[in-house]
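Engineer: Structure in structure tokens, see below.
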Amino acid sequence: MKIRTHPRMGDIHIGDEVYSYRRQLFARVEEVFPAAVCVKLAALDSIAPLAVSLDPQLWRADDIENLSVCRYCGGRERLHLERETGIPFRICERCCVVPPRDRSLEQGRWW
């Protein structure tokens, strides 16, 4: 039996940020599998007060979206954050309809 890689897993690498729609969390990828990723989430330890532990979790490929690539074309170059969504989605300059604001214009007040 041959193991097939899920279509969403083709462009996910270790170190990428992924968003879980099911858990409404985002985390960094620690390991990549054919149909899932392993992420580590910080959790408060119930035994020792104020102790934090890193808990590994497997997130299914159907439940995640890669945040380290352009959400429209999948490119990895010249990415900017989409601030309107509340989720740190990224979009490249080529796919961006409205280019990011120039911070120098905001400080200079041209009007």
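Under our numbering, the first residue of the sequence shown carries the number 15, and numbering increases by one thereafter. Ideal Cβ positions, reconstructed from N, Cα and C, are used throughout, including at glycine. All values derive from a computational prediction rather than experimental measurement.
Reducing DSSP to helix, strand and coil, say where ASP25 ends up.
Structural biologist: Counting from 1 along the sequence shown, the entry for residue 25 is found at position 11. The answer is helix: DSSP assigns ASP25 an H, G or I state.
Engineer: Taking 8 Å as the cut-off, decide whether the C-beta atoms of ARG104 and CYS84 are in contact.
Structural biologist: The residue given as residue 104 occupies position 90 in the sequence shown. The residue given as residue 84 occupies position 70 in the sequence shown. Yes, Cβ-Cβ distance for ARG104 and CYS84 is below 8 Å.
Engineer: Just the Cα atoms here: how many angstroms apart are ILE28 and LEU95?
Structural biologist: Start at 1 with the first residue of the sequence shown, and residue 28 comes out as number 14. Start at 1 with the first residue of the sequence shown, and residue 95 comes out as number 81. Going from the Cα of ILE28 to the Cα of LEU95 covers about 20 Å.
Engineer: Can you tell me the Cα-Cα spacing of LEU93 and ARG22, whole angstroms?
Structural biologist: As a first step, residue 93 must be located in the sequence shown, where it is residue number 79. As a first step, residue 22 must be located in the sequence shown, where it is residue number 8. Roughly 19 Å separates the two Cα atoms.
Engineer: Thinking C-beta only, is ASP69 closer than 8 Å to ALA57?
Structural biologist: Taking the first residue of the sequence shown as 1, we reach residue 57 at position 43. Taking the first residue of the sequence shown as 1, we reach residue 69 at position 55. Their beta carbons are under 8 Å apart, which means ALA57 touches ASP69 by this criterion.
Engineer: Can you tell me which of CYS109, SER60, VAL46 puts its alpha carbon nearest to the alpha carbon of ASP74?
Structural biologist: Within the sequence shown, the letter at position 60 stands for residue 74. What sits at residue 74 in the sequence shown is Arg, not Asp. With distances taken between Cα atoms, ARG74 lies closest to VAL46.
Engineer: Using CA atoms only, rank isn't needed, just tell me which of ILE61, ILE17, LEU55, VAL66 is closest to GLU31.
Structural biologist: Your numbering for residue 31 matches position 17 in the sequence shown. With distances taken between CA atoms, GLU31 lies nearest to LEU55 out of ILE61, ILE17, LEU55, VAL66.
Engineer: Could you tell me the alpha carbon to alpha carbon distance between ILE61 and CYS109, rounded to whole angstroms?
Structural biologist: Taking the first residue of the sequence shown as 1, we reach residue 61 at position 47. Taking the first residue of the sequence shown as 1, we reach residue 109 at position 95. About 49 Å.
Engineer: Using a 10 Å radius around the Cβ and a threshold of 16 neighbouring Cβ atoms, would you call ILE78 buried or exposed?
Structural biologist: Here the question's residue 78 lines up with position 64 in the sequence shown. When all chains shown are included, ILE78 counts as buried.
Engineer: Report back the beta-carbon spacing between GLN71 and VAL53 to the nearest angstrom; my notes put them in contact at under 8 Å.
Structural biologist: For the purposes of this step, residue 71 is taken as residue 57 along the sequence shown, with counting starting at 1. For the purposes of this step, residue 53 is taken as residue 39 along the sequence shown, with counting starting at 1. The beta carbons of GLN71 and VAL53 sit about 6 Å from each other, so the pair counts as a contact at 8 Å.
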